[in-house]
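In this note's numbering, the protein residues as written are 283 to 410.
Ideal placement from N, C-alpha and C gives every residue a C-beta, glycine not left out.
Treat the numbers as computed from the prediction; the structure is a model and nothing was measured.
This report concerns only the one structure given below.
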Amino acid sequence: IGTLEARYPLAKSVAEYAYAAAFRDPRFKSLGEDEFDKITLSISILTPAEAIEFDSDADLINQLNPDIDGLIIQSGQRSATFLPAVWESLPDAEKFLSQLKAKARIRPDENLTSASRYKAIEIHENDI
């Protein structure tokens, strides 16, 4: 839960999105009081996205920097993103892109209209 572009001061955004992740994410049950001591917190602060020029999925894949790049893809009105941390579970660039296309509901053979990359500064509660 978060945003790809800053709209508010960082402290306000962190507070709002942390609350939303804990209690308003429709993919998960809200956190219960008994779970507070069991969770770990992390924050990803994203750099501004930079457009990638490419002429095919293979060309895009060749330009990706695994473990570094977050990726935003778009085809028409459909879009999706993976944070750089997703490379941990999808280290193969072809699978990374195919799963991101699936997340965006873009057919495997469908051409993308745009792609952008960004980096993330990860802050974990143990770092604070």
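Original post:
Over what stretch of residues does the alpha helix (DSSP H) that includes Tyr301 continue unbroken?
Top reply: Leu292 to Phe305
Subject >> When Phe318, Ile327, Asp349 and Gln356 are compared against Ile334, the one with the closest alpha-carbon >> reply: Gln356
Original post:
If we count the other Cβ atoms within 10 Å of its Cβ and call it buried at 16 or more, is Tyr290 buried or exposed?
Top reply: exposed
Subject >> Selected residue, minimal CA-CA separation from Ser398, among Ser371, Phe318, Leu379 and Gly314 >> reply: Leu379
Original post:
If you draw a straight line from the C-alpha of Glu298 to the C-alpha of Leu286, how long is it?
Top reply: 14 Å
Subject >> Environment of Ser312 [buried if 16+ CB atoms lie within 10 Å] >> reply: With fewer than 16 Cβ atoms within 10 Å of its Cβ, Ser312 is classed as exposed.
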